[in-house]
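For reference, the structure discussed in these notes is given below.
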Amino acid sequence: MRAAVPLAALLVVLLLVAAACAGRSEEEDPEVTACRQQCAGQRQFGAEERRYCAAACDEYGRMKRRREEEEGRRSAEKERDRCLHECRAAGPRKPGCEQRCLDEYERATHQGTKPDDA
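Note that the numbering used here has the sequence shown beginning at 1, numbered continuously upward.
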């Protein structure tokens with residue numbers, strides 16, 4: 001019974017930490033943070049202008065993230081095509097080669113999370 005109390009306390013602490021981390025699903029881009037800080041520090045801006053400036057920083061961050069995701073997807077596609085080309089090149093057939101290329105592409109584009117992995 002005495003062991004249950006420390007375990008329960010540990011569980012509560014872990015749940016609180018997990019809840020705090022869940023609020024920050026991904027780290028904010030340092031450029032966006034710096035941009036927002038610059039907006040907040042502009043003395044000549046009124047409150048409305050500072051809000052507009054901060055919103056523009058957030059939009060920049062969203063566009064940058066989309067662009068980086070698209071570049072990553074294109075890079076993964078190029079690597080998949082290169083791998084498949086090597087598998088299909090003249091010479092003896094390599095068992096499982098094409099499937100390995102496709103599996104690696106899936107891991108790269110889905111960061112290892114498939115619906116059936118859950």
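Built from N, CA and C at the ideal position, the CB exists for glycine as well.
query	result
Taking the beta carbon of R36 as the centre, do at least 16 other beta carbons fall within 10 Å, making it buried, or is it exposed?	buried
Excluding the 5 residues preceding and the 5 following S25 in the sequence, name in chain order all residues of the same chain whose CB lies nearer than 7 Å to its CB.	In this prediction, S25 has a pLDDT of 43, which is less than 50 and means its spatial position is unreliable; what the coordinates show is noted afterwards. Around S25: no qualifying Cβ.
Would you mind reading off the limits of the alpha helix (DSSP H) that contains Q38?	30-41
Taking the alpha carbon of G72 as the point to measure from, which residue in R107, G46, K94 has its own alpha carbon closest?	R107
Are the stretch 31-46 and the stretch 54-67 in contact at 8 Å, needing three or more beta carbon pairs?	yes
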